[in-house]
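As C-alpha cells, the structure follows; a few thoughts come after it.
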Amino acid sequence: MRVLIALFALVFLVSCEDGRDLNEAPAALGDFKLGHSIVIAPNLVKGPLSRDATKEQWIAAMDKALEDRFRRYEGEDKKLYHFGVSVEGFVLAQVGVPLVLQPKSVLIFRVTVWDDEKGIKLNEEPHEITVLEAISANTVAGSGLTQTAEEQMQNLVIKGAKQLEVWLGVQQKRYDWFTPDARVEKAAEGKRKNKAAQPAN
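Every number in our numbering is 1 more than the matching position in the sequence shown, counting from 1.
In C-alpha cells:
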C-alpha cells in the first residue's frame, strides 16, 4: 500500500509540472513582453527507438507552445524581448519490449533571449533545456503505448515552454533581465551554473 501511495504521489507531483496551467496567472517576469520567437532546427537529431517527426513539425509545435505561454505577458513599459530557439534533438517513444523497458519521450532545445531596446543578448551562451515527458496514468508505462507521435510532441513542447518560463523567472531574480537594470549572463558563468546543476555520477 505504501508503494502505491508513493507512486500516485509521484504521478501527481510531476503532472503538476506538465505546463498545462495557462488558465492561471502568469509568473512574475518584470516588464517582459514577447516580440519575436524564432524557432529553427538546423541540426535536429532523432534519438534511438524514436518515432519519426520532421523539422517542420517540431518548429510549428514549439512556436505555438511559446506563443500560447508568452503572449500572456504585457510588460508595463511595453519593452520587447525576443527568443531565438533551436530544437536540437528528440525521442518520441515507441512501444517497447519488454514492458519494463518502455522508452520515454525526450526533447532538447536551446534558447537565447534578446533585449530589443538594447540590441543585446541577455545570455551570451544559449541555455539548453531538456524536457522529459510528464508522468501520468497514461504514460507511467511509456507514452508509446497510449499516445500518438503528435500527442507526445505536443506534451513535450508545452512542458518545455513551461520550463523556459521557470528559467526566465530565475534570470529575472538573478539578473533583473526584464527591468532597466538588466545584467547579461556571461558565457563562463552560465557554464558554471549548468555544471553545478548536473547530478553527480
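A virtual CB, placed ideally from N, CA and C, is assigned to each residue, including glycine.
**Request:** Using three-state DSSP, classify Tyr82 as helix, strand or coil.
**Result:** strand
**Prompt:** Given that a residue counts as buried once 16 or more other Cβ atoms are within 10 Å of its Cβ, and exposed if not, what is Asn124?
**Reply:** buried
**Within the region 36-121, ranges of the alpha helix (DSSP H) (whole runs, at least 4 residues)** = 56-71
**Request:** With a 10 Å radius around its C-beta and 16 neighbouring C-beta atoms as the bar for buried, classify His37 as buried or exposed.
**Result:** exposed
**Prompt:** Thinking just about the alpha-carbon of each residue, which of Asn44, Lys56, Ala183, Val88 is nearest to the one in Lys122?
**Reply:** Ala183
**Prompt:** How many Å lie between Gln148 and Glu75 at the Cα?
**Reply:** Gln148 and Glu75: Cα-Cα distance of roughly 35 Å.
**Prompt:** According to DSSP, which residues form a beta bridge with Glu186?
**Reply:** Asn124
**Request:** Confirm the yes/no value for this check: CB of Glu75, any heavy atom of the ligand NAP, distance under 6 Å.
**Result:** No copy of the ligand NAP occurs in the structure displayed, which carries no ligand at all.
**Item:** Option in Gly31, Leu30, Leu35, Phe179 with minimal Cα separation from Asp64
**Value:** Leu35
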